[in-house]
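What follows is a short report on a single structure.
Right, here's the structure in full:
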């Protein structure tokens, strides 16, 4: 389990390489939900999501030999650009295994940052394993990794640096990468803080894992919050979530859509549906506000080709 | 013609009542367009657009008697919410004449701020004139008004306060309200600065007015940049544009759509198509960057009901 010193070390390593994203308020949202909400605008992060925190931390932790050989990851799309960006920033050759059905803009983004993209029909994981072995690359898991968790913890440090009076933090949940790091950092600094995760009803692997007492796997996971549609809960993330997350609630697809529209129209932040999950939970009365509450607006990688005007 | 002292007085009157919106950069857009661009993020302004600057300045300039009787305006939608908000802020009763076909969200916004909304079938201007006379209200024109122009000038002051090194400023153009105030303020402070307006090809009343040497009227004006689809150029705005604006260029609907998507995906700002007009001109090579250039991102009132995810 990462220590507070390790999380602070990761934050130090990231300083100047990634953005210190702002906390923004909205009097209209405060009035609507009856509390004081602050939004951690992580959609302004490099590559448009929090993912670079953990992935760059991971790459910076590799040995010189590993860095020279290069890294490989497998991604449905969202982690691809983040890994490719982090690899370029860290000077590490990167290969990304993606499905032939991936959104072209996401393939282009990864290529634009200089990654080698391998487009695969069929079993992505098998292709990833084969490429990793054949090319002697270091595999990087997008969330089930201690260094990635440590890097994501840097976001928790920033929340309390900006607002030491925070009482509750709402975090979107996919496979558990972000919330495991953030909850760990927050509770090490302020044990009485409340950390609540929000995941789609249609992709609720973390809720199911908590109920079962061990990491579960979903046969499939689809949601308009594509950033949260992980079919597995990470084995390294799970015990941290068990220990440090107070509650994980589930939200409907309708609420995710309504929340995305609400937050975009009120704040003018172009957030992706995954990032609207905390507001979906508020809309569905799954969470009651009390005290100063931060919502992590985790990313803004909307498919703008779908944007009707 | 407003003086610099009057514009500064308007800015003083607005201080603390409206937001001081930030200037934001984007290294990706800089690389794409080959220059240094800063975005004046006026979409974060109260009610989601610059319009409150001029309208609140206007209401604060009225006599006590006029304020007690109340004001009326006519709006296709965008100015309605801004006037209603400003009227509530200034403690002035407001009536807004809108078409029965107006976007329901815009009608609700005006009502939400406490305005009386009169929905009218047919001739909006005739209904507005009748209501103004019958109820003895003070008419407020959304752009063809010296006080409104003075208030919009406050945005020009902020641009140079934040970036005294600005060499060019790009401003979306509808009926000429924003650009007349901004260009006046900028040129009074820094005569060598370049001010360029951008309007839709399909709603190019200011370009036509400049060519004709006097304000023109279009039989109709429709654009996806609905905030720029004014059919008239204001008689008070026109001479200021003639004197202080270096050039007005026209952009296609396709470029407006592409620019909206581009800026949203790169900056994560939920801007409306009107606000993307400067980038449409860059995409179509209607403007060459040289020196530090500010683009006024004038508003973010997207119709989120149309947002596909």
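Chains as they are written, first to last, in the UniProt record's numbering: chain A, 1 to 309; chain B, 1 to 309.
Even for Gly, the Cβ is constructed at its ideal location relative to N, Cα and C.
Nothing here was measured: the structure is a model prediction, and the numbers come from that model.
Its Cα nearest to that of residue 38 of chain B, the residue B/278 stands out among B/67, B/278, B/225 and B/204.
When DSSP reads this structure, residue 40 of chain B sits in a beta bridge with B/23 and B/296. Closer than 8 Å to the CB of residue 252 of chain A there is not a single CB belonging to chain B.
By the C-beta density criterion, residue 15 of chain B is exposed, having fewer than 16 other C-beta atoms within 10 angstroms.
The residue from A/305, A/128 and A/299 with its alpha-carbon nearest to that of residue 48 of chain A is A/299. According to the DSSP secondary-structure assignment, residue 200 of chain B is paired through a beta bridge with B/251. Here the alpha carbons of residue 214 of chain A and residue 302 of chain B stand approximately 44 Å from one another. Secondary structure of residue 173 of chain A (DSSP, three-state): coil. Contact annotation: the segment 234 to 250 of chain A touches the segment 161 to 178 of chain A, with at least three C-beta pairs closer than 8 Å. Judged by beta-carbon spacing, residue 208 of chain A lies beyond the 8 Å limit of residue 202 of chain A, meaning their Cβ atoms are not closer than that value. When Cβ pairs closer than 8 Å are counted between the two stretches, the segment 265 to 285 of chain B is seen not to touch the segment 229 to 242 of chain A, the count staying below three. Below the 8 Å Cβ cutoff, chain B contributes 260, 261, 264, 307 and 308 as neighbours of residue 307 of chain A, in chain order. Taking C-beta separations shorter than 8 Å and ignoring five residues to either side along the sequence, the partners of residue 118 of chain B in its chain run 95, 96, 97, 98, 127 and 131, following chain order. Annotation for residue 58 of chain A: 140, 145, 147, 148 and 151 place their beta carbon closer than 7 Å to its own, counting only its chain and skipping 5 residues before and after.
In this model, residue 263 of chain A and residue 43 of chain A are separated by some 13 Å (Cα to Cα). Taking a C-beta distance under 8 Å as the contact criterion, residue 17 of chain A and residue 89 of chain A qualify as a contact pair.
Judged by DSSP in its simplified three-state form, residue 98 of chain A adopts strand.
Between residue 172 of chain B and chain A, the shortest Cβ-Cβ separation is not below 8 Å. When B/66, B/138, B/25 and B/8 are compared, the shortest CA-CA separation from residue 293 of chain B is found for B/25.
Residue 214 of chain A carries a coil assignment under DSSP once its states are collapsed to helix, strand and coil. For residue 143 of chain A, no chain B residue has a C-beta closer than 9 Å to its own C-beta; the minimum C-beta separation is roughly 22 Å. Counting along the chain, residue 160 of chain B sits inside the alpha helix (DSSP H) bounded by residues 146 to 162.
Not one beta carbon of chain B lies nearer than 8 Å to the beta carbon of residue 164 of chain A. Residue contact with chain B for residue 48 of chain A: present (Cβ-Cβ distance below 8 Å to some residue of chain B).
Between the alpha carbons of residue 289 of chain B and residue 244 of chain B lies a distance of about 19 Å.
Residues 249 of the same chain have their beta carbon placed closer than 6 Å to that of residue 286 of chain B, with the five preceding and five following residues left out of the count. Across the structure, residue 154 of chain B and residue 180 of chain A are spaced so that their CA atoms are roughly 46 Å apart. For residue 232 of chain B, the three-state secondary structure derived from DSSP is strand. Using a Cβ-Cβ cut-off of 8 Å, residue 273 of chain A counts as an interface residue toward chain B, since at least one Cβ of chain B sits closer than that to its own. Judged by DSSP secondary structure, residue 6 of chain B falls outside any beta strand (DSSP E) and instead within the alpha helix (DSSP H) spanning 4 to 14. Excluding sequence positions up to five before and after residue 183 of chain A, its CB lies within less than 6 Å of the CB of 195, 244 and 245, all in the same chain and listed in chain order.
The beta carbon of residue 304 of chain A falls within 8 Å of a beta carbon belonging to chain B, placing the residue at that interface. Contact annotation for residue 43 of chain B against chain A: 268 [CB-CB distance below 9 Å, chain order]. When Cβ-Cβ separations below 8 Å define contact, residue 196 of chain B makes no contact with chain A. Residue 257 of chain B has a beta carbon lying within less than 8 Å of a beta carbon in chain A.
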